[in-house]
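Since the structure comes first, as structure tokens, the remarks are kept for the end.
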Amino acid sequence: MNSTTVNTGKFYGFRLPQLESNLLGSAVRLVALPLLGMLGFLLLWSVTAQNIDTSLGKFPGPAAVMEQFKALYGEHQRSREKEHAFYQRQEVRNAERLAADPSYEPKIRAYTGKETFVDQIGTSLVTVMSGFLLAAAIAIPLGIAIGLSKTLNSAVNPIVQIFKPVSPLAWLPLVTMVVSALYTSPDPLVAKSFLNSMITVTLCCLWPMVINTAVGVAGIDQDLVNVSKVLRLPALRHVQKIVLPASVPMIFTGMRLSLGVAWMVLIAAEMLAQNPGLGKFVWDEFQNGSSDSLARIMAAVLVIGFIGFLLDRGMLMLQKLVSWDKSSNQ
Amino acid sequence: MYWKTPFKKLAAMLALAAGLGAGMTSAYAAELGYPEKEELTFGFIKLTDMAPIAIAYEKGFFEDEGLYVTIEAQANWKVLLDGVIDGRLDGAHMLAGQPIAATMGFGTKADIITPFSMDLNGNGITVSNAIWEQMKPNIPTQADGKPVHPIKADALKPVVEKYKADGKPFNMGMVFPVSTHNYELRYWLAAGGIHPGFYAPHKGDISGQIDADALLSVTPPPQMPATLEAGTIYGYCVGEPWNQQAVFKNIGVPVVTDYEIWKDNPEKVFGITREFAEKYPNTTVRITRALIRAAMWLDENNNKNRPEAVKILSRSNYVGADYDVIANSMTGTFEYEKGDKREVPDFNVFFRYNATYPYYSDAIWYLTQMRRWGQIPDDKSDAWYKELAAKVYRPDIYQAAAQSLVADKLARADQFPDFANEDGFRDPQTHFIDGIVYNGHKPNEYIDKFTIGLKSGQKL
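Residue numbers (the UniProt record's numbering), protein chains in the order written: chain A, 1 to 330; chain B, 1 to 460.
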């Protein structure tokens, strides 16, 4: 026993240094070390970037990327101003036409300008969440059914196993063709490109959720199942009161895995199919071949990574919120 | 007053007759109505010759017509064509050969028409630095030590032969099987005695490499420099700014422009489906009006507006390349070998020389090349060429648009061809690199003049 511990109880003042040292320790661990890591990375990045010569100039370093972030935001703001002017012009034009042709029903058309970087981020986020939620709506009930019934499990398992390893992008041409064939409406609610991206995302993030849910449901403690049997719970109530609460941790693990897959798939699908979103932004910049292109792509890469990280953290928080297993933190 | 009634009748009859007469000359009414479809999406490929679309948007010419247009870059020419056919796009910047081939049924069959030709010239042929080093000794030099232009493919021939003797394929890139670039590259190679290969669609061969000395394959325009850099191809034919980009990136040397292969050759067109034009006649004329105004703006006052146009095109949602790269060709110059910048005032022509008028003879030239290289496997009569051209090229719509612009005092009649006295054919054209004269009235006679290529009566 050292003196600090001995004195702790008696002398209030002595607790502070320890507290401080603990605080300091955790401050170092939580703030200083990550900061140091980041700084090291930035340094390494800018040094390496200096030494890579591409035919479009030097590889962009942190400063160049920062500058492009500013430029991209500036573009976004200018675009908003243009949008405002666009609507004003439209109102004037509508009024003129109404004066000339009183039977005309004025209509306000959406802004026709190009999506900015900020808009593209929004598009990608909406697409990934819709695809993911659709997948969850299909996968979780399916997983529960498979987990509950051994027969169903044997029947569905081979299909899940075969489709699980399919590269997401292999689905894309099929999805595109099928959507084009089936989704024919003169006044569509959502764009075809949005559906294409969304369905591709859904197809790819279905499997981890199905498998994890099924495993979670199948692995419920036998005692709990017995309780349900003793109480003679009807099937639906059995699922509601016993199965769901017991398998929530596994379901959420599956959802987290899926969301990660979904985000990666979406960017790739957007690049390949030129569907609106961050992927298209990257591909457009690559095609432009301007001297700023590489820095803009790098900016997009950072944003993609950061959003992916936030999505994962968000899922984790949700998981902790609904699950009794509070220890999971990875 | 009893005479009033018969007079009224007479007046009504006269008016009716006039109306009928007008209806016969043009399906498009003199008084232009509101557009039937106001929200439109147009596709384009990242090339400087999409400028009329960008300008019509940025200068508000589309909005002046009551049209709200969204402009979308497309990944390649195939995606763009499919977009117009399946209605995802209402119209697009197209290769002149695309509507013609689609109507004919080479590739996807669809009725695509064009009321507006987008520009003259604007392409170049670039070879990699390594090939240029090998070509250079074969090119005569001027007094100042720079190569004499135009450079013919004769200079490339020994290089291709060496590759052939070594058993190495000589790969080159063009942008689409029915693209201007494919025909220009083939024209230039064949004029220098290099066989670019035949197509045989009736046998299922659409690679176009039968009997070829140089193997041509498809690469989307913006990817040309990267593909050249990767060494997959040794040279390519593409529109601007992708030749100047090779100079800036130090990876290749443009050897010849299409202006030197065929002075003032027709290039891109604006394509829409026939169904669209029939369903939305007012919209069609209004689109054409906006595009004509944009083309006029681009060529106004001796290209005075070009720097502004370059600034617009260099935005990332249009062409996106650097200002300097685009300006090199758009402002009347062209840089060949690095530092060898020459005046080519007509490198990009958007309006003068009746650039925007859809002449049948322009369409027929493309058809002659399709026949020459086997994309049209059988002989066709001169009348067939004319008929197909008239199905695709629609000067009637252009005339309606031009005349209404004149009526609105937005243009002068003398800026357009004399519609009353012209038959849709340009005078025989003489400025080809091989000296052969082209007369659109006699396509078969023209095809028979070439040394390399299919002639009347030949079939693979």
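We put the CB at the ideal spot given by N, CA and C, even for glycine.
On a predicted model such as this, the values are computed, not experimentally measured, just so you know.
Requested in this report: Give the residues of chain B in contact with residue 274(A), contact being defined as C-beta atoms less than 9 Å apart.
Outcome: 72, 73, 74, 75, 79
Report task. Confirm, please, whether the CB-CB distance from residue 262(A) to residue 204(A) is below 8 Å. Result -> With contacts defined as CB atoms closer than 8 Å, residue 204(A) and residue 262(A) qualify as a contacting pair.
Query raised in the report: Would a check of beta-carbon distances place residue 138(B) closer than 8 Å to chain A?
Result: no
Query raised in the report: Cα separation between residue 286(A) and residue 271(A)?
Result: 10 Å
Requested in this report: Kindly confirm or deny that the region 45-65 of chain B and the region 284-293 of chain B touch, where touching means at least three C-beta pairs closer than 8 Å.
Outcome: yes
Query raised in the report: Ends of the beta strand (DSSP E) at residue 119(B)?
Result: Looking at the DSSP string, residue 119(B) is not in any beta strand (DSSP E), and its letter there is neither H nor E.
**Report entry** Proximal residues to residue 272(B) (C-beta, below 6 Å), its chain only, five neighbours per side dropped
**Finding:** 91
Requested in this report: Grab the span of the alpha helix (DSSP H) containing residue 183(B) for me, first residue to last.
Outcome: 180-191
Query raised in the report: Comparing alpha-carbon positions, which option in 117(B), 166(B), 371(B), 319(B) lies nearest residue 44(B)?
Result: It is 319(B) whose Cα lies nearest to the Cα of residue 44(B).
Query - Chain-ordered neighbours of residue 56(A) on chain B, where CB pairs are closer than 8 Å - result: 249
Query raised in the report: With residue 328(B) and residue 337(B) assumed to form a contact (beta carbons below 8 Å), what rounded beta-carbon distance in angstroms separates them?
Result: Actually they are not in contact, since the Cβ atoms of residue 328(B) and residue 337(B) sit about 13 Å apart, beyond 8 Å.
Requested in this report: Output the residue ranges of the alpha helix (DSSP H) runs that lie fully inside the region 125-183 of chain B and measure 4 residues or longer, sorted by chain position.
Outcome: Runs of the alpha helix (DSSP H) inside the region 125-183 of chain B: 129-135, 157-165.
Query - Own chain partners of residue 128(A) with C-beta closer than 7 Å, once the 5 adjacent residues on each side are dropped - result: 201, 262, 263, 266
Query raised in the report: For the candidate residues 80(A), 216(A), 193(A), whose alpha-carbon lies nearest to that of residue 147(A)?
Result: 216(A)
Query raised in the report: Expressed to the nearest angstrom, what Euclidean distance is found between the alpha-carbon atoms of residue 37(A) and residue 27(A)?
Result: In this structure, the straight-line span from the alpha carbon of residue 37(A) to that of residue 27(A) is close to 14 Å.
**Report entry** N-terminal and C-terminal residue of the beta strand (DSSP E) that residue 272(B) is part of
**Finding:** 268-273
Query raised in the report: Under the rule that 16 or more other beta-carbon atoms within 10 Å means buried, what is residue 73(A), buried or exposed?
Result: exposed
Report task. Give the C-beta separation of residue 49(B) and residue 94(B) to the nearest angstrom, bearing in mind that I take them to be a contact with Cβ-Cβ under 8 Å. Result -> That belief does not hold up - the Cβ atoms of residue 49(B) and residue 94(B) are roughly 11 Å apart, past 8 Å.
Query - Opening and closing residue of the beta strand (DSSP E) in which residue 44(B) lies - result: Per DSSP, residue 44(B) is one residue of the beta strand (DSSP E) stretching across 39-44.
Query - Cβ of residue 23(B) within 8 Å of any chain A Cβ - result: Any reading at residue 23(B) must be qualified, since the residue scores a pLDDT of 38, below 50, and its modelled position is unreliable; the value itself is stated next. Taking Cβ atoms only, chain A never reaches closer than 8 Å to residue 23(B), which makes this a no.
Query raised in the report: chain A partners of residue 46(B), CB-CB under 8 Å?
Result: 287, 288, listed in chain order.
**Report entry** Proximal residues of chain B, C-beta to C-beta of residue 202(A) below 8 Å
**Finding:** Those do not exist, as residue 202(A) stays about 22 Å from chain B at its closest Cβ, beyond 8 Å.
**Report entry** Identity of the residues DSSP links to residue 58(A) by a beta bridge
**Finding:** 53(A)
Requested in this report: Report whether the distance from the Cβ of residue 137(B) to the nearest heavy atom of the ligand COA is below 7 Å.
Outcome: As far as ligands go, the structure on display features none, and thus does not contain the ligand COA.
Requested in this report: Going by DSSP, name the residue or residues bridged to residue 217(B).
Outcome: 173(B)
Query raised in the report: Between residue 10(B) and chain A, is there a C-beta pair that is closer than 8 Å?
Result: Confidence at residue 10(B) is low in this model, with a pLDDT of 45, below 50, so its placement is unreliable and the value that follows should be read with caution. No, residue 10(B) does not count as interfacial toward chain A.
Query - Interface flag, residue 245(B) vs chain A, CB-CB below 8 Å - result: yes
**Report entry** Under 7 Å (Cβ pairs) to chain A, residues found in the region 214-239 of chain B
**Finding:** 222, 225, 229
Query raised in the report: Nearest-angstrom Cα distance between residue 112(A) and residue 70(B)?
Result: 5 Å
Query raised in the report: For chain B, is any of its Cβ atoms less than 8 Å away from the one on residue 112(A)?
Result: yes
Query - Nearest-angstrom Cβ-Cβ length linking residue 297(B) and residue 59(B), presumed shorter than 8 Å - result: Yes, residue 297(B) and residue 59(B) are in contact; Cβ-Cβ is about 6 Å, under 8 Å.
Requested in this report: Determine the direct distance from the alpha carbon of residue 375(B) to that of residue 177(B), and round the result to whole angstroms.
Outcome: 9 Å
Query raised in the report: Count the other CB atoms within 10 Å of the CB of residue 243(B); is the residue buried (16 or more) or exposed (fewer)?
Result: Residue 243(B) is buried by the Cβ-count criterion.
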